[in-house]
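Student: Going by this note's numbering, the letters in the sequence shown line up with residues 221 to 476, in that order.
Encoded as structure tokens, here's the structure I'll be asking about.
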Amino acid sequence: MPRALPPFNGTRVRYGQGEVAIREDQLLPQFASISFLAKLTKELAMPRPAAQAALDASQFISSVTNEFYTLAACLTVAADPMAKSLIPQVLPGHIVPIGTVARRDGGQHAYHFTHYLDLLRTDVNLVPSFERHWATGTLISVGDELANHKYFDHAPELELVYHLRNGVAHGNVFTFTRHGLERLAKHPANNEFSWGRGDATVLSITPGLKGKSVVPDFLGPGDAIEILTSAGLYLHRYGNGDTLRPDGTVTQASEQ
221 MPRALPPFNG TRVRYGQGEV AIREDQLLPQ FASISFLAKL TKELAMPRPA AQAALDASQF
281 ISSVTNEFYT LAACLTVAAD PMAKSLIPQV LPGHIVPIGT VARRDGGQHA YHFTHYLDLL
341 RTDVNLVPSF ERHWATGTLI SVGDELANHK YFDHAPELEL VYHLRNGVAH GNVFTFTRHG
401 LERLAKHPAN NEFSWGRGDA TVLSITPGLK GKSVVPDFLG PGDAIEILTS AGLYLHRYGN
461 GDTLRPDGTV TQASEQ
């Protein structure tokens with residue numbers, strides 16, 4: 221038997237370890253309706269580890285996309301000739317300015333600062349290569365994070381990450397095992413109805429992609445960012461119990 225609802229306090233209702241957000245437009249008359257109260261009681265009586273996991277995964281995706289934007293901004297500034305005014309001074313015992321990268325043992329790996337700064341202007345392949353490696357590496361990291369939770373409810377934007385992750389992890393080429401094809405038939409993988417797609421092209425995984433490269437044949441680094449951002453937005457709404465689609469779909473978070 222479900223326990224009675226606790227008193228309503230502000231725009232959130234707490235019950236034991238559970239918590240449900242109530243939007244302002246839900247307060248009346250929905251809050252007073254029997255069906256709404258019954259649904260709320262059921263949600264509050266259930267553990268919500270999947271909801272928190274979805275929010276954590278969303279935060280992880282946000283952090284890795286922030287990394288790209290931060291590094292991309294730095295690369296843009298560094299490519300400007302005026303960036304040379306920021307080159308560090310030559311330290312005692314050195315003949316050129318150096319930059320350092322921390323080692324695990326607490327020491328520092330040093331590199332020729334000016335030389336690698338100049339590469340941004342002389343090597344036209346450097347930035348595109350960085351963008352490709354970020355896209356492929358991040359798709360693997362995010363895919364592994366989602367795999368820890370069995371890709372939640374297998375929403376199309378999450379399944380899109382699944383197939384992209386597998387492609388870049390297997391030589392950056394789409395390959396479909398029998399299991400992969402069965403999964404694709406059961407769970408479509410695309411960004412057609414994702415919140416963050418905007419005016420970008422709809423990207424859908426189909427068996428016809430077999431043998432094609434993930435990057436750049438199927439997507440570019442910008443597409444990867446938008447796909448990951450859409451997945452993060454979906455998980456954020458999923459974890460909060462918000463509307464998942466423009467048509468008003470709401471799904472309770474649960475492990476699949």
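Beta carbons are placed, not taken as given, at the ideal position from N, Cα and C, and that holds for glycine.
E547: buried (16+ other C-beta within 10 angstroms of its C-beta) or exposed?
Tutor: Because the chain is modelled from 221 through 476, residue 547 falls outside the range shown and cannot be assessed.
Student: Where does G326 land, buried or exposed, given buried means 16+ other C-beta within 10 angstroms?
Tutor: Note on G326: under 16 other CB atoms within 10 angstroms of its CB, so exposed under the neighbour-count rule.
Student: Report the rounded CA-to-CA distance for L275 versus R417, giving the unit in angstroms.
Tutor: 20 Å
Student: Would you tell me roughly how many angstroms separate the C-alpha atoms of L448 and Y454, rounded to the nearest one?
Tutor: In a straight line, the C-alpha of L448 is about 10 Å away from that of Y454.
Student: Between the beta-carbon of F372 and the beta-carbon of Y458, is there less than 8 Å?
Tutor: Cβ distance < 8 Å, so F372 and Y458 count as in contact.
Student: My output table needs one value for I447: the three-state DSSP class, helix, strand or coil.
Tutor: Helix at I447.
Student: On the premise that A389 lies in contact with I425, defined as a C-beta separation below 8 Å, what is that separation, rounded to the nearest angstrom?
Tutor: About 15 Å separates the two Cβ atoms, so there is no contact after all.
Student: How about V381 and L366: are their beta carbons less than 8 Å apart?
Tutor: yes
Student: According to DSSP, is Y371 helix, strand or coil?
Tutor: coil
Student: Determine the burial state of L378: buried for a count of at least 16 other Cβ atoms within 10 Å of its Cβ, exposed for fewer.
Tutor: buried
Student: Using the beta-carbon count (16 or more within 10 Å), is K285 buried or exposed?
Tutor: According to the sequence provided, residue 285 is Thr. The question's Lys does not apply to it. Buried: at least 16 other Cβ atoms inside 10 Å.
Student: CB L295 to CB L340, shorter than 8 Å?
Tutor: yes
Student: Looking only at C-alpha atoms, which of R323, R324, S282, H332 sits nearest to V316?
Tutor: With distances taken between CA atoms, V316 lies nearest to H332 out of R323, R324, S282, H332.
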